Amino acid sequence: MPPPTCNTLLEVLLKHGKTKEAWALFEDMLDNHTPPNTQAVNSDTFNIMVNECFKLGNIEEAIKTFKKVGTKPGSKPFAMDVAGYNNIITRFCEHGMLSEAEKFFQELCGKSLTPDVPMYRTMIDAYLKAGRVDDALRSFTKMVETGLRVVASFGTRVFSEFLKNGKNLEVATLLAKMGEKEPKPDASIYDVVVRGLCNADELDKSLDVLDQMMKYSIGVTPALQEFVRGAFGKVGRNEELDRVLNENRWRFPGRQPRPFGQSPRSPSGPAEMGEWQSSGSPQMAGLGCVGILPAEGIPPEVLAVMSLLLLVMVLRAPTYKHSRDLNSGRYIAVAAPSETATAETRYTRNTQ
1 MPPPTCNTLL EVLLKHGKTK EAWALFEDML DNHTPPNTQA VNSDTFNIMV NECFKLGNIE
61 EAIKTFKKVG TKPGSKPFAM DVAGYNNIIT RFCEHGMLSE AEKFFQELCG KSLTPDVPMY
121 RTMIDAYLKA GRVDDALRSF TKMVETGLRV VASFGTRVFS EFLKNGKNLE VATLLAKMGE
181 KEPKPDASIY DVVVRGLCNA DELDKSLDVL DQMMKYSIGV TPALQEFVRG AFGKVGRNEE
241 LDRVLNENRW RFPGRQPRPF GQSPRSPSGP AEMGEWQSSG SPQMAGLGCV GILPAEGIPP
301 EVLAVMSLLL LVMVLRAPTY KHSRDLNSGR YIAVAAPSET ATAETRYTRN TQ
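Sequential numbering of the sequence shown, starting at 1, is according to the UniProt record's numbering.
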């Protein structure tokens, strides 16, 4: 039988008190595990039996079960995965056995397995519960550096604990690292950090965090604005705060942000042609990067002249038509003068 079927049978036997039969089935599954030919067990198999040992308070037996191997000739040990380590580490943390949890965590890393988010959360929560803030901070830092996502509920709770324990500089540094990656931290995490830093009179650091929020377009809620204005107003630093909260600092020069829900409009004049990129035109494709004129730092009258020159270049660019070669019978592309060039030729002939 495949492992999922046997695992279900194990659960049924244990549920109905058939402990001896469950252990016999487990050992039989281990004996039949001969990869790559036969996969008789998986990490769920071990988790079921390890959890049964913890349920009975038999911790030593749980550790032996986690490492148990079949005795039948030809059977091979199961290569434990992250899910199996995560389960037993969680059980250790639930029973306050942090030293054992750390030992298995190091064993996991030594096997070139990568801890996942649930495992880091388990270890960090256990450290905080035991008052080992530095160890929690170390694990959280490693989690961030690995690139694992920190969800809002977990991030706000952990950062609140760090701030309560005076880890202000570390929190600000960690949040800056998180902001450098995608997806950006949730606005609620920034909110907690800004308030915590202000309450600790770390106004310079809170300004840095607010600056990151503005840079990454993370909304500063009216409630948070009111809070920081009160904190900065007490020390007469509202002007600094206003400069940081000025949205125009991060807008593209020469362009206005489009209101929510408004579609971009087509250009209505030569001056706007410089900011509009045409698509699907063979003439424009031949012009390469000339399709868009940078608007910043160019006087309007110069931009208008450049736009008109661009328009003339497009109109004078050759078009192509297909003509059939009488010898080969194939169609070939023949350059044809544009309408503007043809009109100029007629005008020249008529004036001569």
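Even for Gly, the Cβ is constructed at its ideal location relative to N, Cα and C.
Keep in mind the model is a prediction, meaning the values are calculated, not measured.
Threonine 38 - partner residues in DSSP beta bridges:
Thr34
What is the rounded straight-line gap between the Cα of threonine 45 and the Cα of valine 82?
14 Å
Comparing C-alpha positions only, which one of Thr38, Gly233, Val312 and Glu11 sits nearest to phenylalanine 78?
Thr38
For a test of the three-state rule: what should DSSP assign to lysine 234, helix, strand or coil?
coil
Can you tell me which of the three DSSP states asparagine 248 falls into?
helix
Please report the distance separating the alpha-carbon of lysine 68 from that of alanine 24.
13 Å
Are alanine 187 and isoleucine 218 closer than 7 Å when you measure CB to CB?
yes
What are the uninterrupted segments assigned as beta strand (DSSP E) that are 3 or more residues long and contained completely in the UniProt repeat "PPR" (42-77), given in chain order?
none
Under 7 Å Cβ to Cβ from valine 41, same chain only, skipping five residues before and after it: list those, please.
Pro3, Met29, Leu30, His33 and Phe78
Take glycine 155 and list the residues in its own chain whose beta-carbon comes closer than 6 Å to its own, dropping the five residues that flank it on each side.
Ile189
What's the C-alpha gap between glycine 74 and proline 35?
10 Å
Cα separation between valine 244 and threonine 8?
59 Å
Taking the straight line between their C-alpha atoms, what separation do you get for glutamate 60 and methionine 123?
21 Å
Extent of the continuous alpha helix (DSSP H) to which residue 355 belongs:
The structure shown does not extend to residue 355, since the chain is modelled only from 1 to 352, so the question has no answer here.
What span of residues does the alpha helix (DSSP H) with proline 115 cover, start to end?
No alpha helix (DSSP H) contains proline 115, which DSSP labels as neither H nor E.
Residue environment, threonine 65, which counts as buried when at least 16 other CB atoms sit within 10 Å
buried
In angstroms with no decimal places, state the Cα-to-Cα distance between valine 50 and asparagine 86.
12 Å
Looking only at its chain, what residues have a beta carbon closer than 7 Å to the beta carbon of glutamate 52, apart from the 5 residues adjacent to it on each side?
Leu14
If the criterion is Cβ atoms closer than 7 Å, does the pair methionine 143 and tyrosine 127 meet it?
no
Rounded separation between proline 222 and aspartate 191 - CA only
11 Å
Cα-Cα separation, glutamate 21 to serine 99
33 Å
Keeping to the same chain, check which residues put their C-beta closer than 6 Å to that of leucine 108; ignore five residues upstream and five downstream.
Tyr85
From which residue to which residue does the alpha helix (DSSP H) around leucine 148 run?
Neither: leucine 148 is in no alpha helix (DSSP H) and is coded neither H nor E.
DSSP three-state call for glycine 84: helix, strand or coil?
helix
Contacting residues, own chain, Cβ-Cβ under 8 Å from phenylalanine 105 (five flanking each side not counted)
Tyr85, Ile89, Pro115, Met119 and Met123
Let's see if you can read the secondary structure: which residues bound the alpha helix (DSSP H) around isoleucine 195?
Checking the sequence, you will find arginine at residue 195 rather than isoleucine. That run of the alpha helix (DSSP H) goes 187-199.
Just to confirm my understanding: we take leucine 113, look at its own chain, exclude 5 residues before and 5 after, and list those with CB closer than 8 Å. What are they?
Asp81, Val82 and Tyr85
Reducing DSSP to helix, strand and coil, say where arginine 138 ends up.
helix
With distances taken between CB atoms, is the gap from glutamate 161 to leucine 137 smaller than 7 Å?
no
Shorter than 7 Å from the beta carbon of lysine 142 to some beta carbon of chain D?
Of the protein chains in the structure, only one exists, and it is not chain D.
For glycine 236, count neighbouring Cβ atoms within 10 angstroms of its own Cβ and tell me buried if that reaches 16, exposed if not.
exposed
Alpha carbon of aspartate 204 to alpha carbon of lysine 215, nearest angstrom:
17 Å
Which of the three DSSP states is assigned to valine 220 in this structure?
coil
Can you tell which of Arg149, Thr19, Asp208 and Arg249 has its C-alpha closest to the C-alpha of residue 364?
With the chain covering 1 to 352 only, the question about residue 364 has no answer from this structure.
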